[in-house]
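K.L.:
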């Protein structure tokens, strides 16, 4: 039992650290997931939860950092009993979220491991039950974990360092871009290619006749079989990007966007867009327009035409503008505003508004 306990102890600590770091890699994405939960709770339990939506980014860093800190504390066996009780509280909270999502189909992805590992609600709930099982083994067999690896001031120092590193990772990612981009629009990806299946989709057909079901790889010509279900045989072959569309008043602009060199300024929502750097932004758009690389600057937003028209006059934005779905733009870049550099639909660079590049920089990337 000693070996089992120590395996569970190590696994629980490592999983908490891993989960926290994955979320801290993309605190904006974690905050978006929290906002989704708060919107659901506000609808089901009362508008009080909308308050938390306003501080979702802060909560994102706090909760993710807490996971890392508790994981480190557990591995060090620092105040083991108190650490385990705190872990239990966090596990119960997460288990409630995943069960609620699964049972009532409210949030289809818990964001437990960010965009690195996508889990459906019931899988997420099973994962939390597994963690609770690990916790139970460790808690009931603490006698096998008596040795503390960091006592007194040394333990305080280690926990302080862990907290500083975790918070620092999250704050830096919040003010710039994720260290590792797991979304379909990451640098190097060909958007146009990802909008197409990687191979022809194949299906099996489940048909029924006289109360008996049978599977067919080709749709049967015998009309006595009644259609019941169509199941994909290679579901991962489908398009990785299914909702990318850009348009303006003249019509669809998606294919034109994926041709040539484009410097795209994405403004997800004008209400929350940072206005302080539009002097630099406008300067870059103007200099890119005169580049010998034939770079076309343009703007994509999800804001309504009337609101965006008022906004672009306010910040003196003169580039042509187009529209796209808000969720798509949040997936494209975790910055509002933010730049994406495209070459024939291939993402060559992404820039937070804190890291506005020069024309020379974008020319080097093309």
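In the numbering used here, the protein residues as written are 486 to 851. Backbone N, C-alpha and C fix where the C-beta goes; we use that ideal spot for every residue, glycine too.
1) Confirm, please, whether the CB-CB distance from residue 689 to residue 703 is below 7 Å.
2) Straight-line CA distance for residue 648 to residue 550?
3) Label residue 813 either buried or exposed according to how many other C-beta atoms from any shown protein chain fall within 10 Å of its C-beta, with 16 as the threshold for buried.
4) What residues in its chain sit with their C-beta under 7 Å from that of residue 671, if we drop five residues either side in the sequence?
5) Do residue 657 and residue 510 have their beta-carbon atoms positioned less than 7 Å apart in this structure?
6) Three-state secondary structure (DSSP) at residue 499?
7) Which whole-angstrom value describes the C-beta separation of residue 847 and residue 750, a residue pair presumed to lie in contact below a C-beta threshold of 8 Å?
8) Which whole-angstrom value describes the C-beta separation of residue 692 and residue 705, a residue pair presumed to lie in contact below a C-beta threshold of 8 Å?
9) For residue 721, which of 662, 681, 565 and 799 has the nearest alpha-carbon?
10) For the candidate residues 739, 539, 572 and 611, whose alpha-carbon lies nearest to that of residue 830?
11) On the CB-based measure, 16 or more other CB atoms within 10 Å of its CB, does residue 595 come out buried or exposed?
12) Sort 817, 489 and 502 by Cα distance to residue 673 and report the nearest one.
13) Counting Cβ pairs closer than 8 Å, one from the stretch 637-651 and one from the stretch 603-623, do we hit at least three?
14) Any idea what DSSP makes of residue 595, helix, strand or coil?
15) How big is the Cα-Cα spacing for residue 630 and residue 615?
16) Suppose you measure from the CA of residue 765 to the CA of residue 686; what does that come to, to the nearest Å?
17) Could you check whether residue 623 and residue 493 sit closer than 7 Å to each other, using their CB atoms as the reference points?
18) Confirm, please, whether the CB-CB distance from residue 527 to residue 519 is below 7 Å.
19) Can you give me the C-alpha to C-alpha distance between residue 683 and residue 780, rounded to a whole angstrom?
P.N.:
Considering the structure as presented:
1) no
2) 7 Å
3) buried
4) So the list reads 832, once near-sequence residues are dropped.
5) Their beta carbons are not under 7 Å apart, which means residue 510 does not touch residue 657 by this criterion.
6) helix
7) 12 Å between Cβ atoms; not a contact.
8) Sure, about 6 Å apart at Cβ, within 8 Å.
9) 681
10) 739
11) In this prediction, residue 595 has a pLDDT of 49, which is less than 50 and means its spatial position is unreliable; nothing more can be read from the coordinates.
12) 817
13) no
14) Confidence at residue 595 is low in this model, with a pLDDT of 49, below 50, so its placement is unreliable and the value that follows should be read with caution. Three-state result, residue 595: coil.
15) 20 Å
16) Rounded to whole angstroms, residue 765 to residue 686 spans 46 Å at the Cα level.
17) yes
18) no
19) 29 Å
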